[in-house]
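Chemist: Sequential numbering from 6 applies to the sequence shown in my numbering. Ideal Cβ positions, reconstructed from N, Cα and C, are used throughout, including at glycine. Just so you know, these numbers come straight off a predicted model, no measurement behind them.
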Amino acid sequence: MFVHSKMPSSTRTIRIKKESDLVLEREAQRHGVSVNALVSNLIDHYVYSLRFFTSGGMLSMNNETLMALMENLSDEEIADTAYARGSQKVRESLMQRGMLVNYDSVIWYVSQILGEYNGWFRCDHIVEEKMDRLHLSHNYGFKWSIFIMNYIASMLKEVLALKINTVMLKNAVNIEIPK
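1. Taking the alpha-carbon positions, what's the Tyr-196 to Asn-68 distance?
2. Tell me the rounded alpha-carbon separation between Met-6 and Asn-46.
3. Quick one: using the 10 Å Cβ neighbour count with 16 as the cut-off for buried, is Asn-48 buried or exposed?
4. Please report the residue range of the alpha helix (DSSP H) in which Ser-150 lies.
5. For Leu-161 and Ser-92, what's the separation of their Cα atoms in angstroms?
6. Could you give the C-beta distance for Phe-152 and Leu-141, rounded to a whole number, given that I count them as a contact under 8 angstroms?
7. So, under 8 angstroms CB-CB, Glu-76 and Lys-148 are touching, yes? Tell me the CB distance rounded to an integer number of Å.
8. Which runs of the alpha helix (DSSP H) spanning at least 4 residues fall entirely within the region 54–112, listed in chain order?
9. So, are the CB atoms of Leu-139 and Ile-83 less than 7 angstroms apart?
10. What's the gap between the Cα of Val-178 and the Cα of Val-115?
11. When DSSP builds the beta bridges, which residues end up paired with Asn-179?
12. Where does Val-115 fall in DSSP's three states?
13. Find out if the Cβ-Cβ distance for the pair Asn-155, Tyr-88 is shorter than 7 angstroms.
14. Does DSSP put Ile-19 in a helix, a strand or coil?
Set out below in structure tokens:
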């Protein structure tokens with residue numbers, strides 16, 4: 006959750022409620038970071054993700070509700086829908102943020118937006134000499150693995166024209182991207 010950036014930073018002074026400050030102090034201690042680092046990450050979450058919720062027609066729902074809905078769909082329906090939406094949504098989302106649609110921005114979108122901010126999975130990005138690997142782990146079951154494998158595969162294949170290898174497990178998807 007806590008990414009240290011080497012980008013230039015600004016100093017701001019803000020006034021917050023005392024009870025909010027106490028919550029921030031407890032959360033920072035729980036995560037083993039300073040309140041400043043926690044607040045910086047919360048602001049990044051807003052800048053890169055939350056501010057697009059209302060304008061992007063997004064919603065938030067309990068994972069149990071989503072899984073119950075998915076149980077009523079066939080594996081093929083999930084795969085087809087995910088594949089169709091993945092390539093379209095990444096283009097829209099990156100352009101909405103003023104970013105180029107390229108390899109680095111798509112990987113950033115997968116790891117930061119879908120993984121870190123939206124909570125779809127934990128993304129471990131492993132960079133090797135001959136390939137990059139994305140290991141996407143979650144606790145939402147096989148149908149969610151079907152969804153994320155096809156959603157991400159669509160981005161990489163259709164948007165970036167990459168050849169990839171995938172392995173799908175009950176609670177994880179592994180994607181290998183040869184260089």
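Modeler: Here's the rundown:
1. Any answer about residue 196 is impossible in this case: the structure gives the chain only from 6 up to 184.
2. Because Met-6 carries a pLDDT of 48, less than 50, the predicted location of this residue cannot be relied on, and no value is offered for it.
3. According to the sequence as given, residue 48 is Ile; it is not Asn. So Ile-48 counts as exposed.
4. Counting along the chain, the alpha helix (DSSP H) containing Ser-150 begins and ends at 147–159.
5. 8 angstroms
6. No, Phe-152 and Leu-141 are not in contact; Cβ-Cβ is about 11 angstroms, not under 8 angstroms.
7. 7 angstroms
8. 56–60, 68–76, 80–101
9. no
10. 13 angstroms
11. His-140, Val-172
12. In the structure shown, Val-115 adopts helical secondary structure according to DSSP, grouped into three states.
13. yes
14. coil
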